[in-house]
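Comments concern the structure below.
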């Protein structure tokens, strides 16, 4: 799956003539167009989550500092895939919405495959959208404040349920408010740590590049995982965090009134902010903190290196990161229900309102249950269901991208 997705990213980058060069235009449009910020921030809400903090920590712990290079590279190439899937998602939108299910049905006349995609999107909505995120929040609060996971699950379920019950407009409004605030706060905290570790930033970048292409493996870890380990974990984490290839961004793009090219360029910037900016900054914080004090990571698990780095900030460091994880996770839970809602509308048509309230109830219950399920089971289920999104979506992208969205 990693080879398939990364190969698709590279192939579409070549096919579109390196559309990444239009990043500046995408950023300007996302700020100036009427619905640009709402679509961008809701897309980011679904992608910005625990993978940007805990996931990057795990990638560096298992693959070495070089994993950050491959993660960032995946984000750069993944922008082309996001561009194409959002172009097609907007092009084949209907009054009900848009996304890969409509592209498969109306663009390729593959109705059964479209139905499978929509059903799989609903399953991924339960897994990646709520279980993984609520579990991460519960674990973080338990470690930092010794609060029982069940209590966290109740609070998260109630907060998210109030927003989700309000429907699409409520989701768009809340995500547009939460995401920019959380990004600014988190990046401000990272900037403070990088300022304290300023003399280790350049050595950290050198370590990242050397480790990314090193043929020697030093039993993984920050000190060096070698080419194979760094590429494996860096690419995997990059693909997970930005979701390019899953088609979720195309569902959000289907709600836009902009032209397909304008919306595709705006949506492409979400992959840039998610992976190239947030993940890279998080990784630099971890690596520079390690170089400043190698003993800092002692006693912390693979997913807790970011927490160790923030512990440098007296008194407020750990609580700050814990609340940042919670903010990103809650935004993801809320944002990911939108693709689930669109899947219900696609699958059930005129009866979607009756089914939708049942699914909303199940989703909120699953948010609560995520705080108690074993982490390994949750991630295995989420990764498994992702396959059923990737295969039909990549098929549609490769079939249709030769005819549409050229730059």
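In my numbering, the protein residues as written are 60 to 466.
Glycine included, each C-beta is placed from N, C-alpha and C at the ideal position.
This structure is a prediction, so every number in the text was calculated from the model and none was measured.
- Task: If I'm right that residue 199 touches residue 392 with Cβ under 8 Å, what's the distance once you round it to whole angstroms?
- Result: The C-beta distance from residue 199 to residue 392 rounds to 14 Å, too long to fall under 8 Å, and the pair is not in contact.
- Task: From the DSSP output, in three-state form, read off residue 305 for me.
- Result: Residue 305: coil per DSSP, three-state reduction.
- Query: Thinking just about the alpha-carbon of each residue, which of 62, 69, 105 and 264 is nearest to the one in residue 350?
  - Reply: Out of 62, 69, 105 and 264, the CA that lies nearest to the CA of residue 350 is found in 264.
- Task: Using three-state DSSP, classify residue 195 as helix, strand or coil.
- Result: Reduced to three states, the DSSP call for residue 195 is helix.
- Item | Burial state of residue 243, where buried means 16 or more other Cβ atoms lie within 10 Å | Result: exposed.
- Item | Member of 235, 81, 90 and 151 whose CA lies at the smallest distance from the CA of residue 105 | For residue 105, the nearest C-alpha among the options comes from 235.
- Residues in its own chain within less than 7 Å of residue 116 by CB, not counting five upstream and five downstream? In chain order, 345, 361, 362, 363, 364 and 365 place their CB closer than 7 Å to the CB of residue 116, counting only its own chain and leaving out the 5 sequence neighbours on each side.
- Query: DSSP on residue 318, reduced to helix/strand/coil?
  - Reply: Looking at residue 318 - three-state DSSP - the assignment turns out to be coil, as it is neither helix nor strand.
- Message: For the ligand ZN, is there any heavy atom lying closer than 7 Å to the beta carbon of residue 175?
- Response: Absence of the ligand ZN from the depicted structure is noted, as is the absence of any ligand whatsoever, leaving it without description.
- Exposed or buried, which one is residue 170 when buried takes at least 16 other CB atoms within 10 Å? With fewer than 16 other Cβ atoms within 10 Å, it is exposed.
- Item | Under 8 Å between C-beta atoms of residue 313 and residue 166 | Contact: no.
- Item | Check whether residue 163 and residue 176 have beta carbons under 8 Å apart | Cβ atoms of residue 163 and residue 176: closer than 8 Å.
- Task: Have a look at 255, 294, 195 and 168 and flag the residue whose alpha-carbon is nearest the alpha-carbon of residue 386.
- Result: From the listed residues 255, 294, 195 and 168, the smallest Cα separation to residue 386 is found for 195.
- Item | residue 39 burial status per 10 Å Cβ neighbour count (16 or more: buried) | With the chain covering 60 to 466 only, the question about residue 39 has no answer from this structure.
- Local Cβ density within 10 Å of residue 240, reported as buried at 16 or more and exposed below that: Taking all protein chains shown into account, residue 240 has fewer than 16 neighbouring C-beta atoms within 10 Å of its C-beta and is therefore exposed.
- Give a yes or no on whether the C-beta atoms belonging to residue 266 and residue 452 are separated by under 8 Å. Residue 266 places its beta carbon 8 Å or farther from that of residue 452.
- Taking C-beta to C-beta, are residue 82 and residue 298 nearer than 8 Å? Not closer than 8 Å, so no.
- Query: residue 189 and residue 422: beta carbons closer than 8 Å?
  - Reply: The answer is yes: Cβ separation under 8 Å.
- For the alpha helix (DSSP H) that residue 227 lies in, which residues bound it at each end? Taken as a continuous stretch (DSSP letters only), the alpha helix (DSSP H) holding residue 227 covers 227 to 255.
- Message: At the level of alpha carbons, what is the spacing between residue 222 and residue 427?
- Response: Approximately 15 Å, taken between the alpha carbons.
- Task: Kindly indicate which three-state DSSP category residue 112 falls into: helix, strand or coil?
- Result: Coil, per DSSP.
- Limits of the unbroken alpha helix (DSSP H) element including residue 370: Segment: none, residue 370 is in no alpha helix (DSSP H) and carries neither H nor E.
- Query: residue 311 and residue 98 look like a contact to me (Cβ under 8 Å); what is the Cβ gap, rounded to whole Å?
  - Reply: Contact between residue 311 and residue 98 holds, since their C-beta atoms are separated by about 6 Å, short of 8 Å.
- Taking the CB atoms as reference points, tell me whether residue 355 and residue 369 lie closer together than 8 Å. Not closer than 8 Å, so no.
- Between residue 208 and residue 102, what straight-line distance do the alpha-carbon atoms span, to the nearest angstrom? For residue 208 and residue 102, the distance between alpha carbons rounds to 28 Å.
- Query: In terms of residue numbering, what span does the alpha helix (DSSP H) encompassing residue 205 cover?
  - Reply: Unbroken run through residue 205: none, as it is neither H nor E.
- Supposed close pair residue 159, residue 455 - CB separation, criterion 8 Å: The pair is a contact, with the Cβ atoms about 6 Å apart (cut-off 8 Å).
- Other residues of its chain near residue 233: CB distance less than 7 Å, five sequence neighbours each side excluded: If we look at residue 233 and ignore the five residues flanking it on each side, its Cβ neighbours are 222 and 393.
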